[in-house]
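Scroll down for the structure; my scribbles are underneath it.
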Amino acid sequence: MVLKLATPTPTTPTRRCSLIFLLSVLFLVSLLYSLSFRFTSQSPDQAPPLVRTAPCNYSEGKWVRDRRAIKPRYDQSCKEIYKGWNCIANAKSNGQDLLRWRWQPSGCDLPLADPISFLERYRNTNIGFVGDSLNRNMYLSLVCMLRRESSEVRKWRPAGADRGLTFMRYNLTVAYHRTFLLVHYGSWSATSNGGALESLGYKQGYRIDVDMPDPKWTEAPKFHHILVLNTGHWWWAPSKFDPIQSPMLFFQNGTPVIPPLTPPLGMELALKHMLMYIENLVGPEKLLFFRTQSPRHFEGGEWNAGGSCRREQPLSIEQVYWILWTPCTSNTKLKWNSKVVIS
Ligand SMILES: *[C@@H]1O[C@H](CO)[C@@H](O)[C@H](O)[C@H]1NC(C)=O
Ligand SMILES: *[C@@H]1O[C@H](CO)[C@@H](O)[C@H](O)[C@H]1NC(C)=O
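Numbering of the sequence shown is given in UniProt numbering, commencing with residue 1 and proceeding in unit increments.
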């Protein structure tokens with residue numbers, strides 16, 4: 001599908017864009033650098049690292065105003081950007097201003113991503129983004145950046161993917177698999193046979209199979225060499241699954257988990273199962289990144305219910321802590337053969 005960026009239809013919410021896109025763009029830089037570092041440490045015979053600075057923890061740092069005169073890696077003309085998310089094409093008042101933020105790690109400087117070195121380095125590679133709109137933004141950002149340097153692409157979709165394309169000169173495929181919880185879910189209602197949930201008084205809700213990957217990405221670990229997974233906790237919060245009207249009901253091995261789990265614990269269990277799923281399918285060597293959190297697209301309501309995306313600054317550290325820990329009572333600790341990077 002080709003998006004006509006400059007001619008939004010009146011029925012489309014044209015300002016469906018937010019700082020989240022910028023944050024994703026900027027964060028991608030650190031992702032790319034991590035990728036290059038990891039590949040370097042694994043394959044010394046490959047091309048030299050993109051940049052030579054001491055490794056540091058990119059998760060520790062802050063957003064700062066970028067005073068450097070740097071040309072953006074791509075602009076609003078990139079056809080991959082969804083019409084409603086194109087802040088600049090939609091004339092968002094602070095659209096240009098949003099580009100002037102960069103992530104500053106505490107222990108080092110983050111070099112700019114270099115698309116050409118990236119293309120060279122990931123020749124004959126498949127990279128899959130698996131997750132919600134945060135990962136979709138990551139996908140778009142990477143693709144827009146690379147298309148500037150290598151416009152010869154073939155659009156196609158690997159099994160289960162929403163979008164994907166191959167950079168023909170490099171045989172590099174990048175795809176996006178859309179999934180919210182990573183695991184399979186669907187609506188559930190009580191039956192008259194009287195199961196464990198019925199006897200606890202549940203009438204309806206969502207059945208969430210913590211050990212079944214969403215079919216959108218079941219095949220992805222076999223196809224992709226690098227997976228970037230995410231599931232934001234917003235999908236695990238009362239705003240998406242009302243705990244009274246439509247509670248999340250967790251199932252394992254096809255039967256309800258009793259006593260029922262709270263969403264944060266259900267998420268923890270689902271993540272553990274999904275990592276095991278990948279490990280069992282393709283072994284522990286698959287390069288995996290796991291991303292957890294982003295601001296919401298809209299604040300103060302959904303796009304059709306009075307919400308706005310006029311955020312002008314990245315979330316403060318206090319806001320991040322509030323988002324991360326308020327709805328989630330348990331601290332998800334995921335360490336998986338140190339192959340998982342939590343950012
Ligand atoms: C990097 O920093 C984050 C945030 O402070 C921390 O949670 C994580 O454990 C650190 N990672 C390493 C490898 O030290
Ligand atoms: C393209 O890359 C895939 C791996 O992603 C590899 O199997 C295939 O042989 C490559 N094709 C060419 C022509 O090098």
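We put the CB at the ideal spot given by N, CA and C, even for glycine. Every value quoted in this text rests on a predicted model; they were computed, and no experiment measured them.
query                                                                                                                                                                    : result
Is there at least one non-hydrogen atom of ligand 1 closer than 7 Å to the beta-carbon of N171?                                                                          : no
Please name the residue or residues paired with N126 in a DSSP beta bridge.                                                                                              : T173
Return helix, strand or coil for R147, following the three-state DSSP convention.                                                                                        : helix
Consult DSSP for Y277 and reduce its assignment to one of helix, strand or coil.                                                                                         : helix
Expressed to the nearest angstrom, what Euclidean distance is found between the alpha-carbon atoms of L50 and G186?                                                      : Caution is warranted here: a pLDDT of 44 is assigned to L50, below 50, making its placement in the model unreliable, and the coordinate value is therefore given only provisionally. Going by the C-alpha atoms only, they are around 44 Å apart.
Which whole runs of the beta strand (DSSP E) in the region 210 to 275 are 3 residues long or more, in chain order?                                                       : 226 to 230 and 248 to 252
Since R121 is in the alpha helix (DSSP H), which residue starts that stretch and which ends it?                                                                          : P115 to R121
Check whether the region 89 to 103 touches the region 141 to 154, counting contact only when three or more Cβ pairs, one atom from each stretch, lie closer than 8 Å.    : no
Within the same chain, show all residues whose beta-carbon is closer than 6 Å to that of H184, passing over the 5 residues directly before and after it, in chain order. : D209, M212 and D214
Could you please give the first and the last residue of the uninterrupted alpha helix (DSSP H) stretch that includes S199?                                               : A196 to S199
Taking 7 Å as the cut-off, is the CB of T125 close to at least one heavy atom of ligand 2?                                                                               : yes
Could you check if S316 belongs to the surroundings of ligand 1, using beta carbon to heavy atom distance under 7 Å?                                                     : no
What residue does the beta strand (DSSP E) around H184 start on, and which one ends it?                                                                                  : V183 to S189
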